[in-house]
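Numbering (this note's numbering), first residue to last: 667 to 762. Notes to accompany the following structure.
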Amino acid sequence: MDEALHERVRDTVAAIPAGRVATYGDIAALAGAPTPRLVGRVLREDGGDLPWHRVLRATGKPADHLGGEQLARLADEGVPARDGRVELGRYRWDPR
Numbered sequence: 667m668d669e670a671l672h673e674r675v676r677d678t679v680a681a682i683p684a685g686r687v688a689t690y691g692d693i694a695a696l697a698g699a700p701t702p703r704l705v706g707r708v709l710r711e712d713g714g715d716l717p718w719h720r721v722l723r724a725t726g727k728p729a730d731h732l733g734g735e736q737l738a739r740l741a742d743e744g745v746p747a748r749d750g751r752v753e754l755g756r757y758r759w760d761p762r
């Protein structure tokens with residue numbers, strides 16, 4: 667992955683406002699990444715200083731290994747989860 671794409675992914679995640687969420691696919695599309703998996707890779711390797719908790723699966727579910735912490739952080743920002751899932755229709759970020 668080239669550095670420009672890496673930074674576009676980081677910049678896009680950084681732009682998600684508190685109280686909103688995006689999916690890995692949303693971030694990939696906005697940043698011009700070829701696959702949502704690349705977004706996950708950037709967050710895993712270089713996302714500690716980003717609002718990583720605002721990025722969810724397309725189902726509205728958090729990452730398995732971080733689910734409890736991710737949902738707690740979202741709840742603190744006013745984004746509730748029901749049955750372990752965030753209602754994307756209500757909380758999904760629209761950067762337009």
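Yeah, the Cβ is synthetic: ideal placement off N, Cα and C, and Gly gets one too. Just so we're clear, the structure is a prediction, and the values are computed from it rather than from any experiment.
- Only buried fits residue 689, as 16 or more other CB atoms lie within 10 angstroms of its CB.
- For residue 751, the beta-bridge partners assigned by DSSP are 748.
- In the same chain as residue 706, and ignoring 5 residues on each side of it, the C-beta atoms closer than 7 Å to its own belong to 690, in chain order.
- With 16 or more other Cβ atoms from the protein chains shown falling within 10 Å of its own Cβ, residue 699 counts as buried.
- When the alpha-carbon of residue 748 is set against those of 675, 692, 733 and 694, the nearest one is in 733.
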